[in-house]
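Chains as they are written, first to last, in the numbering used here: chain A, 1 to 190; chain B, 191 to 380.
Note that beta-carbon positions come from the ideal geometry of N, C-alpha and C, so glycine has one too.
Since the structure is predicted, the reported quantities are computational estimates derived from the model, not experimental observations.
All remarks here apply to the structure that follows.
2 protein chains.
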Amino acid sequence: MSRWEPNARGRLAEAALELYSERGYEQTTVAEIARRAGLTERTFFRHYTDKREVLFGGSGALQELFVGAVAEAPESAAPIDAIAAGLEAVSAMFVGRREQSRRRQTVIAGNAELQERELIKLASLAAALGGALRGRGVTEPAASLTAEAGVAVFKVGFERWIAPAEEREMASLMRESLDELRAVTAGGRA
Amino acid sequence: MSRWEPNARGRLAEAALELYSERGYEQTTVAEIARRAGLTERTFFRHYTDKREVLFGGSGALQELFVGAVAEAPESAAPIDAIAAGLEAVSAMFVGRREQSRRRQTVIAGNAELQERELIKLASLAAALGGALRGRGVTEPAASLTAEAGVAVFKVGFERWIAPAEEREMASLMRESLDELRAVTAGGRA
Numbered sequence: 001m002s003r004w005e006p007n008a009r010g011r012l013a014e015a016a017l018e019l020y021s022e023r024g025y026e027q028t029t030v031a032e033i034a035r036r037a038g039l040t041e042r043t044f045f046r047h048y049t050d051k052r053e054v055l056f057g058g059s060g061a062l063q064e065l066f067v068g069a070v071a072e073a074p075e076s077a078a079p080i081d082a083i084a085a086g087l088e089a090v091s092a093m094f095v096g097r098r099e100q101s102r103r104r105q106t107v108i109a110g111n112a113e114l115q116e117r118e119l120i121k122l123a124s125l126a127a128a129l130g131g132a133l134r135g136r137g138v139t140e141p142a143a144s145l146t147a148e149a150g151v152a153v154f155k156v157g158f159e160r161w162i163a164p165a166e167e168r169e170m171a172s173l174m175r176e177s178l179d180e181l182r183a184v185t186a187g188g189r190a
Numbered sequence: 191m192s193r194w195e196p197n198a199r200g201r202l203a204e205a206a207l208e209l210y211s212e213r214g215y216e217q218t219t220v221a222e223i224a225r226r227a228g229l230t231e232r233t234f235f236r237h238y239t240d241k242r243e244v245l246f247g248g249s250g251a252l253q254e255l256f257v258g259a260v261a262e263a264p265e266s267a268a269p270i271d272a273i274a275a276g277l278e279a280v281s282a283m284f285v286g287r288r289e290q291s292r293r294r295q296t297v298i299a300g301n302a303e304l305q306e307r308e309l310i311k312l313a314s315l316a317a318a319l320g321g322a323l324r325g326r327g328v329t330e331p332a333a334s335l336t337a338e339a340g341v342a343v344f345k346v347g348f349e350r351w352i353a354p355a356e357e358r359e360m361a362s363l364m365r366e367s368l369d370e371l372r373a374v375t376a377g378g379r380a
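This is how it looks when you write it as structure tokens:
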């Protein structure tokens, strides 16, 4: 990153999303993304491996934030409350990014390869959360189940947040979804 | 399928798993699989699209069985109990197949492309279970959350079932995992 290219990473991501939405993901080249962002292809490749990774540039930060919040939740917090703390942290990261997230989701929904990449992202998140919970002394299978439950809530809460006309904040949708998961698992014969 | 090739599908799957375990997935060709099964390549392609699909030949049946059991659970059953009925049905399907499942898992763990295919299988299962629950009149987001919870239990229960030295039946590990999920979500501040 040099001072002649302020926020190159963000500009490339925004340009890519614009082009993918306008003319389709398959039809867009790295050269076009760089041009739209007013940058060179060389700069593009300093920030991203390929045009697919532009859409997943935030995955590492999301996982780090989620896992960090779980790891740092008060020692007294139950596993599911550590997950709830992670969901709060992640929600804060998405404030002001609903429209961008909607456009990204539309692009991903239109391409099988991108959907696979998204599934890998969530599987990696579940594995990392399981590790963070074991780090808190949670034993198996509780750690893996709580981690999977956390990813399920994140997935469903996120879908609700980007649904057309939805205006509630992500944080409250995540809390609602977690409460709903508690309710459905508490239902039935148990 | 002709009467000169009894159980060709199963013989091909068994031959493929043997070869993948012996010499690696990447190193095995369709010709070798057919030869090991005492069949022709042409017969192979009558049953499977490619050498990857041999490992996922049971996915359709698994999903059908799981979804069918959810759909046909008593009308009075809570959503999570319909999922529990699905887990029972699926467990019955795996009786006597633990060693085969262990070998399959080892092959899949060694190849990124196969792991992706496995994630797609589980995502497809979650979507289908959500649909079956909506068909039972369960509203959103409860339907999606219950479906995701069901897949989480299946995933964790399955991993426990194929763990080295594990001898308990899949059905009881699934029940235990579901109870554990209930316990972890019931924990905490709620």
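Under the Cβ distance rule, Ala339/B counts among the residues neighbouring chain A, one pair being separated by less than 8 Å.
With contact defined as three or more Cβ pairs closer than 8 Å, the segment 154-163 of chain A and the segment 86-101 of chain A are in contact.
For Ile108/A, not one C-beta of chain B is nearer than 8 Å to its own C-beta. By the neighbour-count criterion, in which a residue is buried when 16 or more other Cβ atoms sit within 10 angstroms of its Cβ, Thr29/A is exposed. For Pro141/A and Gln253/B, the gap between their C-alpha atoms comes out near 24 Å. The continuous alpha helix (DSSP H) containing Pro79/A extends over residues 79-93. A straight line joining the alpha-carbon of Ala282/B with that of Gly10/A spans about 51 Å. The C-beta distance from Leu277/B to Val343/B rounds to 6 Å, short enough to fall under 8 Å. Between the segment 107-123 of chain A and the segment 291-310 of chain B, the count of C-beta pairs closer than 8 Å reaches three or more; the two stretches touch. Here Tyr210/B carries a helix assignment [DSSP, helix/strand/coil]. When C-beta atoms of the segment 260-271 of chain B are compared with those of the segment 233-248 of chain B, fewer than three pairs fall below 8 Å, so the two segments do not count as touching.
The beta-carbon distance between Gly130/A and Ala149/A, rounded to whole angstroms, is 11 Å. This is too long to meet the 8 Å contact definition. Within chain B, Val374, Thr375, Gly377, Gly378 have C-beta atoms less than 7 Å from the C-beta of Ile80/A, given in sequence order. When secondary structure is reduced to three states using DSSP, Arg201/B falls in the helix class. In the structure shown, Ser124/A adopts helical secondary structure according to DSSP, grouped into three states.
Interface criterion not met: the Cβ of Glu99/A is under 8 Å from no Cβ in chain B. Excluding its 5 nearest sequence neighbours in each direction, Gln295/B has C-beta neighbours in its own chain below 7 Å: Ile352, listed in chain order. With a cut-off of 8 Å on Cβ pairs, the segment 200-215 of chain B is not in contact with the segment 164-181 of chain A, counting fewer than three such pairs. A residue is called buried once 16 or more other Cβ atoms fall within 10 Å of its Cβ, and Thr185/A is buried on that count. At least one C-beta of chain B is nearer than 8 Å to the C-beta of Ile120/A. At least one CB atom of chain A sits nearer than 8 Å to the CB of Lys345/B.
Inter-residue distance for Phe94/A and Gly68/A is about 16 Å (C-alpha atoms, whole angstroms). Here Asp271/B has Ala263 as same chain residues with Cβ atoms under 8 Å from its own Cβ, once five neighbours each way along the sequence are excluded.
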